[in-house]
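For reference, the structure is listed below as structure tokens.
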Amino acid sequence: MNVTIAPLADEDVDALCELARLVWRQHYPSIIGTSQTEYMLAQRYVPSVIRAELAAGNAWWDVLCLEKETIAFASSFPAEARHEMKLDKLYVRPDQQHRGYGGMLIAHTCERAQQLGYPIVMLAVNKRNTKAIAAYHKHGFEIREASVKDIGGGFIMDDYVMTKSI
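In the working numbering, the protein residues as written are 1362 to 1527.
Set out below in structure tokens:
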């Protein structure tokens, strides 16, 4: 099987947004409810938002393709306050999970962090997202702290901040 990781191209933004909607609508309603799921999708996964991030050039969006079909993606950016790389998004199509693709994207992000001189990769994960927490532990992340953040619309993100030393 041919697996590649490449930067997100402008022409693939719409497909990435579709993949995000598929993953989120299957996974998150049981954790954060349907209303917050839809609110966060509208905040983060519309083509104009992603294209603006790409144009700003301060974040990396990577897509993992299996036989030229996008099945997973990740985004990351420098979290300068602590001289860390933040793994901001990591999602794998539900029917392709548990096959190592998420781990490939984690390794790719860690390699980028190392090349750029960031000694730590950090992320935030919902405290009730037990499957993701277990996966991040498997890849060497540890919980550093709890974080509650108001994201507007009457919603909060109740997360763990997890870190991995590179």
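Beta carbons are placed, not taken as given, at the ideal position from N, Cα and C, and that holds for glycine.
The C-alpha of phenylalanine 1502 lies about 25 Å from the C-alpha of threonine 1398. Secondary structure note for tyrosine 1452: its beta strand (DSSP E) is the uninterrupted segment 1445 to 1453.
In the structure shown, methionine 1362 falls within a coil segment according to DSSP collapsed to helix, strand and coil. Note: leucine 1402 is not bridge-paired with any residue in the DSSP secondary-structure output. DSSP assignment within the region 1477 to 1511 yields the following whole alpha helix (DSSP H) runs of 4 residues or more, N-terminal first: 1491 to 1499. Comparing C-alpha distances from aspartate 1519 to each of Gln1458, Gly1463, Thr1491 shows the shortest one belongs to Thr1491.
Beyond the five residues adjoining it in sequence on each side, arginine 1382 comes within less than 8 Å, by CB distance, of Leu1402, Tyr1406 in the same chain, given in chain order. According to the DSSP assignment, valine 1374 belongs to the alpha helix (DSSP H) that extends over 1374 to 1388.
As a beta-bridge residue in DSSP terms, tyrosine 1521 pairs with Val1486, Ala1507. If you draw a straight line from the Cα of alanine 1440 to the Cα of glycine 1463, it comes to about 21 Å.
Apart from sequence neighbours up to five positions away, the residues of its chain that approach threonine 1470 with a beta-carbon distance below 7 Å are Ala1435, Ser1437, Met1446, Leu1448, Val1482, ordered along the chain.
Between leucine 1451 and leucine 1427, the C-beta gap is not smaller than 8 Å, which leaves the two residues out of contact.
Ranked by Cα distance from glutamine 1475, the options Arg1460, Leu1415, Lys1525 are led by Lys1525. One Cα belongs to arginine 1443, the other to alanine 1485, and the distance between them is close to 14 Å. CA-CA distance, glutamine 1387 to alanine 1420, rounds to 26 Å. Looking at the backbone, the Cα of proline 1408 and that of lysine 1510 are separated by about 24 Å.
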